[in-house]
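Residue numbers (this note's numbering): 1133 to 1480.
Written out below as structure tokens is the structure these notes cover.
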Ligand code: SAH
């Protein structure tokens, strides 16, 4: 049997061509395309298509092949976490957050991850595979369908390393930017990387004004290596050089993510060291109290310690914010729900 084609992996032109082969007129492709990007991924629900066509669509195509198997809604702030099952049984997570400026979704780019960051819930499970463009789209479209409202912002801070699935992520960004799809501005998209230096430089040359976040989490290579194995491949200096090069080429600010881990990277001396290293560059620092993941022995820094770290950066004129923690009652931090589900299933 032929594998079904995923309509979300195809452009409108490709869908039109495939439809023609099945005897469907070009306007049908436009109708289906419109349904898909309004969040309707179920052919049976596409009410302006003839019944036989809906059936035939189901025989030949899928639309993302993703099913929401669990949804958790935070009682504290309304953050929603979705556990999504892919056509092959693998699981990823997506999160919806509401801000004063609109809805933002946090998407996964891979099933698992091979970067091995020691504080991360996804690292111990390793990488299974990359997600396709269609699977990334299905995450955001399923959420659109669930809330019935427009999503204005997209961040890649779910499971996976976006720059380890570079081509699909770039194709996805360009797809959701199109006026006839989700029309999301490049400036409202953020890609986060643990520091794959060659891809940062490629990204600088893409010519799309998407925001770049770097998971830095350390003031030097020695500290970085303790929690992030990627630092052994591309060291701290190379990483910051690439970020400065990116800022020079794009004239865009780089955001440094810094998860504060008690007694590992949170001392005022480290804050000073970091400030010295990034002073005068086009950047912003986001401080995040680390989320304690079961099986690791990393604890959150205390509030006074976080404030002290922040003050040192401010005194050195580095723009800095402490990120608000959302959905803390629903394990909204990436990877935790998937991991728990996999572990529960193993027990059965
Ligand atoms: N692989 C990409 C994006 C996914 S993770 C990257 O590394 O940037 C999104 C962010 O969450 C990254 O900054 C990552 O370092 C951070 N992160 C992972 N586990 C965390 C935890 N337990 N507590 C706080 N931040 C964490």
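For each residue, glycine too, the CB sits at the ideal point set by N, CA and C.
Using a cutoff of 7 angstroms, the CB of residue 1425 counts as near ligand 1, since one of the ligand's heavy atoms is closer than that. A Cβ-Cβ distance of about 7 angstroms is found for the pair residue 1324 and residue 1294, placing them in contact under the 8 angstroms criterion. Secondary structure remark: continuous beta strand (DSSP E) runs of at least 3 residues inside the segment 1402 to 1442, in chain order: 1415 to 1421.
About 15 angstroms separates the CB atoms of residue 1240 and residue 1229; that is not less than 8 angstroms, and the two are not in contact. Distances from the CB of residue 1386 to the heavy atoms of ligand 1 are all 7 angstroms or more. Taking 7 angstroms as the cut-off, the C-beta of residue 1415 does not count as close to any heavy atom of ligand 1. Contact check between the segment 1215 to 1227 and the segment 1198 to 1206: three or more CB pairs, one atom from each, fall below 8 angstroms, which counts as touching. Residue 1276 sits in a helix when the DSSP states are folded into three classes.
Inclusion of residue 1462 and residue 1211 in the CB contact set at 8 angstroms is warranted, their separation being smaller than that value. Taking residue 1408 as the centre and dropping the five residues before and after it, the same chain places the C-beta of 1448 closer than 8 angstroms to its C-beta, in chain order.
The Cβ neighbour count for residue 1347, taken over all protein chains shown within 10 Å, is at least 16; the residue is labelled buried. In the structure shown, the three-state DSSP call for residue 1325 is strand.
DSSP links residue 1262 through a beta bridge to 1242. In the three-state scheme derived from DSSP, where H, G and I count as helix and E and B as strand, residue 1347 is classed as strand. In the three-state reduction of the DSSP assignment, residue 1159 falls in the helix class. Per DSSP, reduced to three states, the secondary structure at residue 1226 is strand.
A straight-line Cα-Cα distance of about 4 angstroms links residue 1390 and residue 1349.
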